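So the structure is just underneath, and the comments pick up after that.
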Amino acid sequence: MPPRDVLVDAVDSYFQYCHKQPLWLFDRDEFSSLQDCREETLFSLLALSACHARHLYFRSQPDELSERYAQAAREHIMQRIVEGTVTLSTIQSLCMLAMANLQANNPILVSLHVGIASTLAKCASLDFETYPLGDLSLHAESRRRVFWSLHLLQQMYGQQGSSTTDILEDISSPQHVMTHTDLSKKLNDLPPSMPQGGMNEERSEIWAYMIQLAALWAEIRTYVRQFVRQTNLMPPPWSIESRYTIINAHLMDLETKLPSRHRFDLARFSYQENQELQNNREYWSPWIYLQFTYHTIHNMLNHPFLYSSRTRQSAEQSAPNTFWKTSLELAFIHSIWVSRLIEMITKKAYRVSDPFIGHCTAIAATVHLYFCRTDDKTTREAALDRLARFVDFLAELALLWPSCRVMHEKLQALFHSALSSARHSVGGEPNQDPTSRTLSINTRLMWDILLYNVADNRDTKTLSRLGRLFDESASFPRDQDDEGEDTVEMEISHHPTVEVILSNGQALPLQSGQRRHNQEGGGIRLDDRQNLQANQPFAVPAADSHFTEPAGPPLWPIAGSPSPSDMTYDLLFQFQDPGSPFLGRGKLATYSSLRP
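Mapping of the sequence shown onto my numbering: residues 3 to 598, in sequence order.
Have a look at this one:
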């Protein structure tokens, strides 16, 4: 155990950079007496907060110290399990260890710790509310925090138990089958209520919405893994029964339920003083998580790599042109928004405290890769410029966490393979055309980036080295995919037909019963914006949420008469042809990308 002053600094760093970012496990008062804290709790906290600590003790080798403390915490935890002396702090320590191993790029240990913690939580009935709803005692609130923090880890990084076997139907050659949760069939037993306390009630609720969006991220993980497994029996994404449709429906539902005070334009992150942001990180870090996760869900859901892989499987599996065009443009819009968010937090010198933001950055970068070979010069140059921004930001996070370092290396390898190979013709001679539209995608690298915590689990050659769990003598069957890398040559024949404008002043959606009156200029203004209800539905940052606060109340365009600049304002307009004679305008001119 390090000296007391080192422990004090580690605890301070934990509550500044890790508390509710994303885990909510403790109250600050619980560490008022360090000698009363269990050793596994302190070791786990040291492993998690070492990268943020300011004490000279951590300056030289924070990664090595974090690994050493994680090992010590794991030994204490396993000893408690063996002796039968597990307490709530044991599960709290496992949650912190899971995050520490995520930072250290040990996905196998992340899954192991989340799995053990989940099993212990079920054995302790933490998954059910055992206290009256009005009971805000320390023990009652601690159980709630642990359950929901563990739930977040399970949704984000845990092993997904969404499959079983059909052995009841076929004992001779059983197969894995997907299982789906029917949300309409509810049980009488209630899970723990959301924890209370900390900030004022309006701000503390942001953590609950982060948990909700994490559940949707789990759906995205399952959806994308179906493409990795090349499940031909799953319905096409444009089917009303597909996960694509279901996830989109959940996204729309979330947009109507999140209180307006948390939306991008009303939160006014860019207008906050730097000190205010740092003093209230337990609000702003979950808020940043919401922004990045929302746009990244759209990026994953509409990623061009997923649907180009359908074409490689069979012609019947190929995506219709309308779906392909729409999904590609949605991915482009939301990846631009990730670039804007990066610029926003960089200008404010806001220290990111969750490596998941690095994953979101890498995914947005892979979307932009497809537009580096479009035939439109403006789009192509803007995509290359944003790619550089993504890589630079991820390089900064790589200095903080080994997991982002690995992600940064894979991203650079993917870009080098895609763009350098595209400069040569089939015969190997240099391609003299600087506007080549050929892209070479290394499928293994792409999957490793999209599902990085799953990629290392399926790479059986690295189980011993990365997970530090299995002995080298253990025998594992080799994955057929490990024998080589698949590179796919693609011709980029599409560029966006929408003008992405990030400063046109996104307004609140119209509410039923809201008084309206026509104004000169053909628009509708909302009555007194300050009178809007606090719990009024709103859209989670949509594709055109503005970065600059509008000077006056937002102006709504007349329905049925949208301008090209409003196409990213109303996502439903994405499905309309801008050159339609019903809109009274000709074919849209060449796409022009506005740098965010």
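Backbone N, C-alpha and C define an ideal beta-carbon position, used for all residues, glycine too. Values in this document were obtained by computation on a predicted structure and should not be read as measured data.
Distance between residue 5 and residue 101, taken at the CA atoms: about 24 Å. The residue from 107, 280, 197, 383 with its alpha-carbon nearest to that of residue 143 is 197. With a 10 Å radius around the Cβ and a threshold of 16 neighbouring Cβ atoms, residue 242 comes out exposed. Assigned with DSSP and collapsed to three states, residue 441 falls in strand. Between residue 247 and residue 301, the alpha-carbon positions lie close to 15 Å from each other. Annotation: the continuous alpha helix (DSSP H) that includes residue 394 extends over 379-400. Residue ranges of uninterrupted alpha helix (DSSP H) with 4 or more members, entirely inside the segment 270-303 and ordered along the chain, are 276-281, 283-303. Here residue 160 is buried. Its C-beta has 16 or more other C-beta atoms within 10 Å. Here the C-alpha atom of residue 310 lies approximately 11 Å from the C-alpha atom of residue 372. The C-beta distance from residue 54 to residue 15 rounds to 4 Å, short enough to fall under 8 Å.
DSSP, read as helix, strand or coil, puts residue 418 in helix. According to DSSP, residue pairing for residue 178 in a beta bridge involves 167. Residue state for residue 376 is assigned as coil, using DSSP reduced to three classes. Residue nearest to residue 381 within the set 283, 331, 188 is 331 (criterion: CA-CA distance). Excluding the 5 residues flanking it on each side, residue 249 has same chain C-beta neighbours closer than 8 Å at 218, 221, 222, 225, 299, 303, in chain order. For residue 39, the closest C-alpha among the options 3, 59, 61, 73 is that of 3. Secondary structure at residue 489: strand, using DSSP grouped into helix, strand and coil. Between residue 193 and residue 22, the beta carbon gap of about 19 Å keeps them out of contact (Cβ cut-off 8 Å). Close CB contacts of residue 228 within its chain, under the 7 Å cut and outside five residues either way in sequence, are with 236 (chain order). Shown here, residue 349 sits in a helix according to DSSP, grouped into three states. The residues 57, 59, in chain order, have a CB closer than 6 Å to that of residue 8 in the same chain once the five nearest residues on each side in sequence are set aside.
Cβ contact annotation for residue 167 (same chain, cutoff 8 Å, sequence separation greater than five): 176, 177, 178, 179, in chain order. Between the segment 357-368 and the segment 336-347 there are three or more inter-stretch CB-CB distances shorter than 8 Å, so the stretches are counted as touching.
Per DSSP, reduced to three states, the secondary structure at residue 102 is helical. Residue state for residue 242 is assigned as coil, using DSSP reduced to three classes.
Cβ neighbours of residue 81 within its own chain (closer than 7 Å, five residues either side excluded): none. In terms of Cβ geometry, residue 46 and residue 12 do not form a close pair [threshold 8 Å]. A contact is defined here as three or more CB-CB pairs under 8 Å, and the segment 58-73 fails this definition with respect to the segment 24-32. Residue environment for residue 10: exposed (fewer than 16 other C-beta atoms within 10 angstroms of its C-beta). Residue 285 sits close to residue 208, with the two beta carbons spaced by under 8 Å. For residue 124, the uninterrupted alpha helix (DSSP H) segment begins and ends at 109-125. Per the C-alpha coordinates, the member of 283, 139, 360, 305 positioned closest to residue 392 is 360. Shown here, residue 254 sits in a helix according to DSSP, grouped into three states. By the beta-carbon neighbour count (other beta carbons within 10 angstroms, threshold 16), residue 378 is buried.
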